[in-house]
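Participant:
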Ligand code: SAM
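Numbering (my numbering), first residue to last: -15 to 266.
In structure tokens form, the structure reads like this:
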């Protein structure tokens, strides 16, 4: 940065695994700002060392973001440029930085993104699922009840859904998805992207669940989970009927499941029966 450059807050993406994904522009910016704000200074210290970047580093994480943002704002107002990085990928995407960026912008200071890796975009681009419209949902709640409610709220969404998920919960989350979205929607598990054990598998939800349940290796590492949205031609009512039938068919014969669905959702017995048969034969 030249001395008379306008003080700028740079939002710098870093690799999500493969260090070769670090851009030359990211290296240049990090080398030349006055200070780097990083989520975990020790973790980012290794990255900076790898690229021989010697810029001073301060922490900015979930617990000190408010107070640290004020300090960084003062430095920007005094004419220094600042870069924000997170542990991996693009800052602010399920990572700290929102409060800093909004505060700095409120004070009329320039904010410049230096784009690069982002797990959700990498996963979507290789998943084979519709990519024209998508909804990023971040992490689902870890408690089952809240997770099921969150999925329930998304049951009629027709955009591709993208979630970050812990490997410890991947199987339980897939089970909830099968129960709520049905077993047939295409879904993708993108694991360990850009790393040695990168795996990107797209299958109908129930098959993906089986595959994960039968191979412990699929329950390791970092994961992005993507699910195709509801097909446009399937109405919200049909989605709800299928959801209820899927749950009931686990415990009851077709006729009984159809009868209960018919009285619960005010759909004709014949329609419920036909839909139940289809679900059974899939
Ligand atoms: N800011 C990051 C980004 O741009 O993707 C995401 C940070 S969030 C705290 C971390 C989560 O992102 C992980 O739990 C995982 O769901 C996802 N993730 C990060 N790196 C990944 C990778 N290499 N492969 C798959 N998922 C990854």
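The C-beta atom is built at its ideal place from N, Cα and C for all residues, glycine as well.
Looking at the structure shown, is residue 149 part of a helix, part of a strand, or coil, going by DSSP?
Facilitator: Correct three-state label for residue 149: strand.
Participant: Does the count of Cβ pairs from the segment 110 to 125 and the segment 10 to 25 closer than 8 Å reach three?
Facilitator: No contact exists between the segment 110 to 125 and the segment 10 to 25.
Participant: Which whole-angstrom value is the C-beta distance of residue 84 and residue 68, which I expect to be below 8 Å?
Facilitator: Right, their Cβ atoms sit about 6 Å apart.
Participant: State whether the segment -2 to 6 contacts the segment 94 to 105, with contact taken as three or more CB pairs (one from each stretch) at a distance under 8 Å.
Facilitator: Yes, the segment -2 to 6 touches the segment 94 to 105.
Participant: Around the C-beta of residue 129, are 16 or more other C-beta atoms found within 10 angstroms, so that it is buried, or is it exposed?
Facilitator: With fewer than 16 other Cβ atoms within 10 Å, it is exposed.
Participant: Would you tell me roughly how many angstroms separate the C-alpha atoms of residue 62 and residue 18, rounded to the nearest one?
Facilitator: Roughly 11 Å between the two C-alpha positions.
Participant: Output the boundary residues of the beta strand (DSSP E) element that contains residue 107.
Facilitator: Segment 103 to 111 is the alpha helix (DSSP H) holding residue 107; no beta strand (DSSP E) there.
Participant: In chain order, what residues of the same chain have a beta carbon less than 6 Å from the beta carbon of residue 110, not counting five sequence neighbours either side?
Facilitator: Once the five neighbours on either side are set aside, the close Cβ partners of residue 110 are 184.
Participant: Since I believe residue 94 is in contact with residue -8 (beta carbons under 8 Å), could you give me their beta-carbon distance rounded to a whole number of angstroms?
Facilitator: At roughly 5 Å, the Cβ-Cβ gap stays under 8 Å, so residue -8 and residue 94 are in contact.
Participant: Can you tell me whether residue -2 is helix, strand or coil according to DSSP?
Facilitator: Note: residue -2 maps to strand in three-state DSSP.
Participant: Are the segment 170 to 181 and the segment 204 to 215 touching, with three or more C-beta to C-beta distances below 8 Å?
Facilitator: At 8 Å Cβ cutoff, the stretches touch.
Participant: Can you find the residues in the same chain that come closer than 7 Å, C-beta to C-beta, to residue 80, ignoring five residues on each side of it along the sequence?
Facilitator: Closer than 7 Å at Cβ, skipping near neighbours: 23, 44, 45, 46, 49, 70.
Participant: Would the beta-carbon of residue 154 be found less than 7 Å away from any heavy atom of ligand 1?
Facilitator: No - ligand 1 has no heavy atom lying nearer than 7 Å to the Cβ of residue 154.
Participant: How would you call residue 169, buried or exposed, if buried means at least 16 neighbouring beta carbons within 10 angstroms?
Facilitator: It is buried - the Cβ of residue 169 has at least 16 other Cβ atoms within 10 Å.
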